[in-house]
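In mature numbering (1 follows the signal peptide of the UniProt record, and there is no 0), the protein residues as written are -33 to -1, 1 to 528.
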Amino acid sequence: MSTGSTPSSMSVSMVKFLLLAPTFFIFFPSVVSQTIPSLDGSQGQWRLLHANVGISAMHMQLMHDNKVVIFDRTDFGPSNISLPGGRCRIDPSDEALKIDCTAHSILYDIITDTYRPLMVLTDTWCSSGAVLPNGTLVQTGGFHDGDNVTRMYTSCPDDICDWVEYPNYLSRRRWYATNQILPDGRIIIIGGRREFSYEFFPRPSPRRHAFQLRLLIETREGNVENNLYPYVHLLPDGNLFIFANTRSILFDYNQNRVVREFPRIPGGDPRNYPSTGSSVLLPLDENEHSVDPEVLVCGGAPRGAYQQALRGTYVRAISTCGRLRITDQNASWVMETMPIPRVMGDMLLLPTGDVIIINGGQLGTAGWELGRQAATRPVMYHPSNPSDQRFSVMEPSSRPRMYHSAAILLTDGRVLVGGGNPHIYYNFSDVVYPTDLSLETFSPPYLSTQYASIRPVILSVDDTVSPGKRFLLSFSVGEYIAGSVLSVRIVAPSFTTHSYSMNQRMVVLRIDEIIDNETSSSSYSLIVVGPSSAQIAPPGYYLLYVVHSGIPSSGVWVRLQ
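Spelled out as structure tokens, the structure:
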């Protein structure tokens, strides 16, 4: 199917077997890397990969071929990277540039540290995404000519694949919406600016249809809104946890029914865009007697911060996190205080089960020119530690990452960080925070060389895992400590934009047996059990890690059926 095919021709089977039309491609050599030293690595380490990749990384998704799809928006004029082969995007309605021969999306190869331009036709500004079980990235919505468009990117071995677009596929304008993969492999798309509904991809019939969600109507604050990019987490019972502004519900999307409403998060301050905080579903542990999901919401901006920032007053960001155990009969938020206040911070699950809070600012709010005092130090949240020992502060970056920055987990356990453009156009001079076109990585403390002797290395594992079925995994480690400090975890990579990492989840798998290798004193085999249900872990590609005494292996890709 070629770019611009009619939406009515799409079906579930075509989603599974889509072939992309070839296009030209070029690679760009790596620039000299710059490392910011961190003593012994105990506070992590930053490394500049590229000072300029041509675009600002507003959206990012790691694919199962170890390449990262990165894209910005299309309506601001030229980027700093040309489309290959003389290709141009022609858009008579574009107010900035009607004939645009530059790229607004790239594909970054984390193995070779190279990148190539991709061609996106319609405006992806403030859009959303999720990856189908077959590994295809489905990207939805945006602004103007892109607000009801669906786009798809499927990896290919010869590296000639590109975006394919389906205009008018969505039933509603999806700008600042949230996507969540479901147990049956569908994607639910929730909300958007002045859109108080949800719909599904692929749609059940050629007729477009959306379902009203009253929570989004009730939590909107006039023109400021403060409920965009709602936080959505799939729970082990198959329902959705949805958080908007200060309120949250347990939602049965099949019956369009609110099962339960939880208490408002204490403090009364909004946590969603533009008072942008972030949220994660903490790891689901299949070794526990029952899997009790917990949600963590951190940071944001006080109520009224947006209006004050418009007048030049940048108020202090929120410094609290709220943690909610969903299954408690009288569930209530437990509040904790971060060492650094933060708005526009990204939250990512690391292979250890810890959460890194990275990027953003300490004053102001999200929006054009509305943030100040960059929060350059990441903070680690250790959910299993005693309540007074959960936060630790990391090495600072030399680069501020404010509005429209992004971060994702990479296969080897590093965090890829890019973007930052709080301006309507690309602006590199005479501004507080110039547009940032760079990519850098943060290596958490567990990647320090001092842990080399206890770092596990995966030797072999089945590349396909079935729910509830046992599979064999082999690994080696220089100094084996004990089975009690050994775990196997799978992580669903996130689609990250606007400080929210959609679809990320971690499942700690059950280990049935540990087998010593009689021919080698440093290698071991594990009998591991796949996730118990598609509600625990929907089908698709996951990164699998072995964690030994708090030190993770590099990840390997497995496909969960």
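Yeah, the Cβ is synthetic: ideal placement off N, Cα and C, and Gly gets one too.
Rounded to whole angstroms, the Cβ separation of V496 and G435 is 7 Å, and the two are in contact under 8 Å. Distance from V35 to I375 at the Cβ level is roughly 7 Å; contact confirmed, criterion being Cβ atoms closer than 8 Å. Per DSSP, the continuous beta strand (DSSP E) segment holding R118 begins and ends at 117 to 120. Annotation: the region 292 to 367 contains the following complete segments of the beta strand (DSSP E) (minimum length 3 residues), in chain order: 301 to 304, 313 to 316, 322 to 325, 328 to 331, 338 to 341, 346 to 348, 358 to 360. The beta carbons of V264 and F210 sit closer together than 8 Å. With fewer than 16 other beta carbons inside 10 angstroms of its own, P306 counts as exposed. A residue is called buried when at least 16 other Cβ atoms come within 10 angstroms of its Cβ; I481 does not meet this threshold and is exposed. Under the DSSP assignment, L376 falls in the beta strand (DSSP E) whose first and last residues are 372 to 376.
Sorting P460, D80, T89, R139 by C-alpha distance to the C-alpha of H71 places T89 at the top. M369 and S359 do not touch by the CB rule: their CB atoms are close to 23 Å apart, not below 8 Å.
If you draw a straight line from the Cα of R422 to the Cα of T304, it is about 32 Å long.
L251 is positioned such that its CB atom lies closer than 8 Å to that of I503. In the DSSP secondary-structure assignment, V455 is bridged to L476, V513. In the displayed model, P412 falls within a helix according to three-state DSSP. Counting only the Cα atoms, E485 lies some 51 Å from G244.
Y467 and S488 have their alpha carbons spaced roughly 43 Å apart. By the Cβ neighbour-count rule, C128 is buried, with 16 or more other Cβ atoms within 10 Å of its own. Between the C-alpha atoms of V310 and L330 there is a straight-line separation of about 7 Å. Rounded to the nearest whole angstrom, the C-alpha separation of V382 and M25 is 15 Å. The C-beta distance from T91 to R40 rounds to 6 Å, short enough to fall under 8 Å.
DSSP, read as helix, strand or coil, puts P51 in helix. A177 is not a Cβ neighbour of M469, given a cutoff of 8 Å. Relative to I66, the option among G21, D76, R54, V523 whose CA is nearest is R54. Distances from the CA of G8 to each of L414, S427, A63, I391 were compared; the closest alpha carbon is that of L414. Under the DSSP assignment, E261 falls in the beta strand (DSSP E) whose first and last residues are 261 to 265.
DSSP, read as helix, strand or coil, puts D252 in strand. It is roughly 17 Å from the alpha-carbon of F438 to the alpha-carbon of A501. Excluding its 5 nearest sequence neighbours in each direction, P412 has C-beta neighbours in its own chain below 7 Å: G8, S9, Q10, G11, listed in chain order. Under the DSSP assignment, R227 falls in the beta strand (DSSP E) whose first and last residues are 224 to 228.
In this structure, the straight-line span from the alpha carbon of G289 to that of M302 is close to 5 Å. For S60, the three-state secondary structure derived from DSSP is coil. For W142, DSSP assigns no beta-bridge partner whatsoever. With a 10 Å radius around the Cβ and a threshold of 16 neighbouring Cβ atoms, D397 comes out exposed. Under the three-state reduction of DSSP, Y196 is assigned to coil, being neither helix nor strand. Approximately 5 Å separates the beta-carbon atoms of P100 and G152; this is inside 8 Å, confirming the contact. If you ignore the 5 residues before and after Q147, its C-beta comes within less than 8 Å of the C-beta of A97, I154, I155, I157, V199, H200, L201, L207, M469, N470, all in its own chain and listed in chain order.
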